[in-house]
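Right, one structure below, let's go through it.
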Amino acid sequence: MRVKRRRDDRRAAWWFLAPVLLGFAVFYGYPAARGVWYSLTDYSMLNTPSYVGAENYAKLASDGQFWNALLVTAWYVVLNIGSQTLLALGVATLLHRLTRSVVLRATLLLPWLVPNVTVGLLWMWLLDTNLGFVNHLLAVFDAGPVGFFTDQTWAMPSIAAINTWAYTGYTALLLYAGMLQIPQYLYEGAAIDGAGEWRMFRGITLPLLRPVLALVLVVSLIGSFQIFDTVAVTTKGGPVSATRVIYYYIYQQAFTYFHMGYAAAAAICLALILGVLTAVQMRLLRASRSDLA
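To convert, note that position 110 of the sequence shown is 109 in numbering that gives the first Met the number 0; the numbers rise steadily by one, no gaps.
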C-alpha cells in the first residue's frame, strides 16, 4: 500500500508540474533551441537561413567591438553590484536593528515598481546637460554643467547610479528577509558580552546571511549583464561606445544591421559566460551551506 501511494503522489506531482514544464518548453526551451540553430546560420530575416557552421563564433572571437561590449558590461556590473549591494546591506541592517515599519518597506519598493523605461526617461531629464534639474542645482554652487550622458567619464557611472537607485530598495528587502531568519538571542548574547553594532554585524549578521547574500549577488550579476533599457533610453550606447553594453550590441546586430545569425551567436556566448560566472560565484560563496545550525 505504501508503494502504491508513493506512485500516486508522483503522478499527481507530475500533473501539477506539467503546466510549468509546458510553458518553459514553449517560451524558453524552443526559443533557446532556435537561437542555437540561428547561431549556426547566415540569416538576416530577408533570406532563408543558410548553414555556416561555427563561422559566426569564429567572427566573434576576432570582433573587437564584441569584446569591448563585454568589457563595458563588466565595468557596469562592478559599479552596479558594488554600490547596490553595499547600500542595500546598510539599509537592510538599519531596518533590522532600528525599525520594522511596513510603510518604510513599502516606500523602499516603489522605485523598483516603476518600469525601467520610465526610470530612464525620468533621470535623462533630470541629468540633462542643458535643461536638467541636477545641472541647474550645480550651477547654483558654480560647479558648472556636467555631461552625465555625453561625457565618457560620467556616462557609465550615471547609468549605474540610476539602476542602483531603482533596485537598492528591492535588494535591501531581500537581505532584510534573510536577517529576520537570524535568531534574536544571538544579538542579545553578543550585546551582553559588550559587542557593538559593527562587531555584531561582522560576526553574526554577515556569516549567517551568506546564503541569501549569495542569491542576491547571483541575481544581481545576471540582471546587470542584461542591462538594456536604461542604455537604450539615455545614451544609445554612446558616447563613443562608452556605454554600448553587450545586450545593446546584440540588439544592434540583430535589428539595426539584421545580422540575426551573428546576434544569436553573441547571445549564446553571453549565456555561456553567465552560466560559468554563476557557477563560480555559487561555489566561492558556498551558497548551499549556512552557518546557522
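Ideal placement from N, C-alpha and C gives every residue a C-beta, glycine not left out.
Alpha carbon of residue i to alpha carbon of residue j, nearest angstrom
i	j	result
Tyr-250	Ser-43	13 Å
Ile-221	Leu-271	12 Å
Tyr-27	Leu-85	33 Å
Ala-263	Ala-24	19 Å
Pro-48	Pro-238	34 Å
Ala-278	Asp-8	32 Å
Gly-350	Ala-241	Lying before the first or after the last residue shown, residue 350 is absent from the chain, which here runs from 0 to 292.
Gln-83	Gly-143	28 Å
Gly-34	Gln-151	33 Å
Pro-18	Ala-11	13 Å
Asn-134	Ile-161	16 Å
Tyr-37	Val-211	37 Å
Phe-254	Asn-46	15 Å
Asp-62	Asn-55	10 Å
Phe-257	Leu-130	36 Å
Leu-265	Phe-65	Checking the sequence, you will find Ala at residue 265 rather than Leu. Going by the C-alpha atoms only, they are around 8 Å apart.
Val-116	Cys-268	26 Å
Val-71	Gln-183	43 Å
Val-139	Thr-128	14 Å
Gly-52	Thr-40	7 Å
Gln-252	Leu-59	12 Å
Arg-104	Gly-202	26 Å
Ala-344	Gly-22	Within the shown structure, residues of the chain are numbered from 0 to 292, placing residue 344 beyond reach of any answer.
Trp-153	Thr-229	15 Å
Lys-235	Arg-282	36 Å
Trp-111	Gly-81	18 Å
Start and end residues, alpha helix (DSSP H) containing residue i
i	result
Ser-110	The sequence as given places Pro at residue 110; Ser does not occur at that position. Unbroken alpha helix (DSSP H) run through Pro-110: 101-112.
Phe-147	Unbroken run through Phe-147: none, as it is neither H nor E.
Ser-223	209-224
Ile-267	259-284
Pro-30	29-38
Leu-136	132-139
Val-230	228-233
Tyr-247	245-254
Whole-Å CB distance - residue i paired with residue j, under 8 Å assumed
i	j	result
Ala-165	Val-113	7 Å
Tyr-169	Leu-108	6 Å
Thr-163	Asn-79	6 Å
Gly-181	Leu-207	Contrary to the premise, residue 181 reads as Ile rather than Gly in this sequence. Correct: roughly 5 Å between the Cβ atoms.
Leu-173	Val-215	5 Å
Phe-224	Val-76	6 Å
Ser-157	Leu-126	6 Å
Val-217	Gln-280	6 Å
Tyr-29	His-95	Actually they are not in contact, since the Cβ atoms of Tyr-29 and His-95 sit about 44 Å apart, beyond 8 Å.
Met-296	Ala-91	The structure shown does not extend to residue 296, since the chain is modelled only from 0 to 292, so the question has no answer here.
Proximal residues to residue i (C-beta, below 7 Å), its chain only, five neighbours per side dropped
i	result
Ala-231	Tyr-247
Met-199	Tyr-186 and Ala-189
Met-261	The sequence given here places Tyr at residue 261; Met does not occur at that position. Result list for Tyr-261: Asn-55, Lys-58 and Gln-252, in chain order.
Close-in-space but distant-in-sequence residues of the same chain around residue i (CB under 6 Å, 5 per side omitted)
i	result
Thr-233	Gly-119, Met-123 and Phe-148
Leu-284	Ala-213
Ala-194	none
Beta-carbon proximity list for residue i, same chain, < 8 Å, skipping 5 on both sides
i	result
Phe-227	Val-244, Tyr-246, Tyr-247 and Tyr-250
Trp-74	Met-155
Leu-293	In the structure as shown, the chain starts at 0 and stops at 292, and residue 293 therefore has no counterpart that could be examined.
beta-carbon residue i near the ligand ADP non-hydrogen atom, thresh 7 Å
i	result
Ser-240	Ligands displayed in this structure: none; no statement on the ligand ADP is therefore possible.
Of all the alpha helix (DSSP H) runs that stay within the bounds of the region 41-122, which reach a length of 4 or more residues? 54-60, 63-96 and 101-112
At 4 residues or longer, and completely inside the region 157-217: list those alpha helix (DSSP H) runs for me, N to C. 183-191 and 196-199
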